[in-house]
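Engineer:
Residue numbers (the working numbering): 155 to 269.
Below is the structure:
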């Protein structure tokens, strides 16, 4: 049972990571005064977030791997950016649901030592 919970929390974390990138892209493509700005934001926002994830969090292989409280703060800010991107693009309920799912997943990972 414990293995299933750990595996499920890890899988959910992966899909949440993809969700942040998708939310940032959606926000970018729906924001901005003209097409050029929307394209720049739609492609740029996920690229910046993906770069930050690769630098600080990427599966134990990041060049500047974070641990402890620094990891928790970075993770909360990164997933919070995804929730805010959804809310900022008009999908407030989706943003709130995204944030709640992240918090539940984080609690499960902490509880079952899957961090």
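Glycine is no exception: its CB is placed at the ideal position from the N, C-alpha and C atoms.
#1: Suppose the cutoff is 8 Å on Cβ atoms and the five residues either side in sequence are ignored; what does the same chain contact list for residue 197 look like?
#2: What whole-angstrom Cβ distance do residue 174 and residue 248 have, given they're in contact under 8 Å?
#3: Using only the alpha-carbon positions, how far apart do residue 231 and residue 239 sit?
#4: Where does residue 264 land, buried or exposed, given buried means 16+ other C-beta within 10 angstroms?
#5: If we ignore side chains and look at the alpha-carbon of each, how far apart do residue 209 and residue 246 end up?
Structural biologist: On the basis of the coordinates in this document:
#1: Excluding sequence neighbours, residue 197 sits near 179, 182.
#2: Going by Cβ atoms, the distance from residue 174 to residue 248 rounds to 13 Å, so no, they are not a contact pair.
#3: Roughly 12 Å between the two C-alpha positions.
#4: Label assigned to residue 264: exposed.
#5: Rounded to whole angstroms, the gap between the alpha carbons of residue 209 and residue 246 is 29 Å.
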